[in-house]
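Undergrad: For reference, the structure I am asking about is given below.
Numbering (our numbering), first residue to last: 218 to 396.
Structure representation (structure tokens):
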């Protein structure tokens, strides 16, 4: 079990549990993401896809997001995420869904359409990121998409979502896309 911390908002400094096999978003990268997103996270509806330990979604809740839907396929990660949400008192603003992310996105156009922010932190260099972005490109209304990926991974050509900003941190790239 490794540990992470919430970096801002009401739960700032609180430790989170994280399963061993998950590569959590590094603190520096997480802070950079929330600096890019800014105060607009307050009151927002957020999707945390490939949620893992839920570090991004929990950070969003701590910074005032109205709700976060966490989607991940790994039951172990979701069990730890549930413990973290309980410990921080965020359970009532969170929804946990165990599902293949791309399949859930295809089946949930209303949830995608209602989102203000969508975080994607899939396994590095996995084709699943392309598949998820293509579904979002079709279904999204007016959300900001934040994708964390390896610098070796080229993002697919999309028709509606356009790259707004990109920041590189070592091997990690954070790409912000908007419609």
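All C-beta atoms, glycine included, are put in the ideal place defined by N, C-alpha and C.
Just so you know, these numbers come straight off a predicted model, no measurement behind them.
Given residue 395, which residues of its chain have a CB within under 6 Å of its CB, disregarding the five upstream and five downstream residues?
TA: Indexing the chain shown from 1 puts residue 395 at position 178. For residue 395, where only same-chain residues beyond five positions count, the Cβ hits under 6 Å are 361, 381.
Undergrad: From 274, 228, 235, 261, pick the residue whose C-alpha is nearest to that of residue 337; which is it?
TA: The sequence position of residue 337 within the chain shown is 120, counting from 1. The shortest C-alpha separation from residue 337 is found at 274.
Undergrad: I need the DSSP call for residue 300, collapsed to helix, strand or coil.
TA: Working through the chain shown from its first residue, we reach residue 300 at position 83. Of the three classes helix, strand and coil, the one that applies to residue 300 here is helix, per DSSP.
Undergrad: What whole-angstrom Cβ distance do residue 318 and residue 296 have, given they're in contact under 8 Å?
TA: If you number the chain shown from 1, residue 318 lands on position 101. If you number the chain shown from 1, residue 296 lands on position 79. Rounded, the Cβ-Cβ distance is 18 Å, inconsistent with contact.
Undergrad: Should residue 330 and residue 298 be called a contact, given that it needs their Cβ atoms to be closer than 9 Å?
TA: Stepping through the chain shown from its first residue, residue 330 is reached at position 113. Stepping through the chain shown from its first residue, residue 298 is reached at position 81. No; because the gap between Cβ atoms is not below 9 Å, this pair is not in contact.
Undergrad: Name the DSSP beta bridge partners of residue 375, please?
TA: For the purposes of this step, residue 375 is taken as the residue at position 158 of the chain shown. Per DSSP, none; premise fails for residue 375.
Undergrad: With residue 324 as the anchor, note down where its beta strand (DSSP E) starts and where it stops.
TA: Position 107 of the chain shown, counted from the start, is the residue given in the question as residue 324. No beta strand (DSSP E) holds residue 324; the alpha helix (DSSP H) holding it covers 318–324.
Undergrad: For residue 218, does the count of other Cβ atoms within 10 angstroms reach 16, so buried, or fall short, so exposed?
TA: One-based indexing of the chain shown puts residue 218 at position 1. At residue 218 the pLDDT is 46, less than 50, meaning the model places this residue with poor confidence; the figure from the coordinates comes in the next sentence. Residue 218 comes out exposed.
Undergrad: Is it right to say residue 334 is buried, meaning 16 or more other beta carbons lie within 10 angstroms of its own, or is it exposed?
TA: Numbered from 1 along the chain shown, position 117 holds the residue referred to as residue 334. Buried is the call here.
Undergrad: Consider the Cβ of residue 247: report whether some Cβ of chain C lies at a distance smaller than 9 Å.
TA: No chain C appears in the structure shown, which is made up of a single protein chain.
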